[in-house]
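Data first, discussion second: the structure below is written as structure tokens.
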Amino acid sequence: MGLSNASTGYLNYPTQIIFKCCKLIPVLIGGIIIQGKRYGFWDIFAAILMTIGLIMFSLADNQVSPNVNSKGYIMISVALVADAIIGNVQEKSIKTYNAHNNEVVSLYKCLLERNQNFVILFKRRNFESSAF
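See below:
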């Protein structure tokens, strides 16, 4: 989410919205790689059409507004890939361990908060004053 929000400094609003709407592409690829899912012809066809449209929009956007930084494209793409990984890993965990959705969400939320707290403590260098 942080990368997605940070990309607004480098991309115009329509570009960011188009990329977010194309979340289907990394989720589909993640489902194939992480979960071993098989998708039908129309799902693959829709993803291909969406990819072609995204490429055409990006090329046209660069011609209309050439001051768009490639850093923004990288940031939003990494954010979408991370979203796809998280969603597919959660779905696989629910299926593998017959867990309830609330259990998985709580687990990942706690892990995320722990990592965020570690980064904050590391930046402040307050390891000695914090209780682990």
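Numbered per the working numbering, the sequence shown spans residues 120 to 251. For every residue, glycine included, the Cβ atom is placed at its ideal position computed from N, Cα and C.
Integer-rounded CB distance, given that residue j should sit under 8 Å from residue i
i: N234; j: Q154; result: Rounded, the Cβ-Cβ distance is 24 Å, inconsistent with contact.
i: M169; j: L143; result: 6 Å
Limits of the alpha helix (DSSP H) - the one that residue i falls within
i: G121; result: G121 to A125
i: L143; result: L143 to G149
i: Q135; result: Y132 to C140
Length of the line joining the Cα atoms of residue i and residue j
i: A166; j: S225; result: 31 Å
i: I213; j: A203; result: 15 Å
i: S126; j: Q135; result: 8 Å
i: S196; j: L231; result: 20 Å
i: F163; j: L147; result: Reading off the sequence shown, one finds Ile at residue 163, where the question assumed Phe. Using only the alpha carbons, I get a separation of about 8 Å.
Burial state of residue i (16 or more Cβ within 10 Å)
i: L130; result: buried
i: G149; result: buried
Fully enclosed by the region 180–235, which alpha helix (DSSP H) runs are 4 residues long or longer? 189–216
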